[in-house]
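Residues in the sequence shown are numbered consecutively from 168, following our numbering. We put the CB at the ideal spot given by N, CA and C, even for glycine.
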Amino acid sequence: MIDTLRQQLNELGENYVEKNAAFKIKVIPFFCAISIKKDHKNEGRLSFYSNQLIEILLVVLFMLFGLTLYNPEAGFTHGPIHIVFAILITFNLILKQIAIEGLKTRLAFHRLHGANTAQNTQSADQNTRKSN
């Protein structure tokens, strides 16, 4: 399974780093990275993830802290910068999730394309054998 994933990533042209059956793919350099890890309990499964739990916690903390400092009488432009950081981290989380789903889709289409190509070559070989 790991060998086929490595081959698919090479054919798709993805830049990745591999350590002990775990792949780290840099989708957007310095901004978004996806990790793929082999599930040791279920040998046939791969887990796609990015460390989003820490970022979600940061968003919640920034929002809570920013809203406690916010002064409604001063207007929205006098609000704390914490809310802006929370929004930026949220956009980063959304981009990472889109990148994960995009990579899953590209890998699935690559497998389908490979299966269709193999099926077409088999049928072409059978047709040439019948004609000979």
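> Where does K263 land, buried or exposed, given buried means 16+ other C-beta within 10 angstroms?
Replying inline: Translated into the one-based positions of the sequence shown, residue 263 becomes position 96. Label assigned to K263: buried.
> For N182, which residues of its own chain have a beta-carbon under 6 Å away from its beta-carbon, when the five flanking residues on both sides are left out?
Replying inline: Locating residue 182 in the sequence shown gives position 15, counting from the first residue. Counting only Cβ-Cβ distances below 6 Å, and skipping sequence neighbours, we find K193.
> From which residue to which residue does the alpha helix (DSSP H) around E181 run?
Replying inline: Here residue 181 refers to the residue found at position 14 of the sequence shown. Here E181 belongs to no alpha helix (DSSP H), and DSSP marks it neither H nor E.
> Ends of the alpha helix (DSSP H) at I221?
Replying inline: For this step, residue 221 is matched to residue 54 along the sequence shown. Note, I221: alpha helix (DSSP H), 219-236.
> In whole angstroms, what separates the C-alpha of L279 from that of T257?
Replying inline: One-based indexing of the sequence shown puts residue 279 at position 112. One-based indexing of the sequence shown puts residue 257 at position 90. Roughly 33 Å separates the two Cα atoms.
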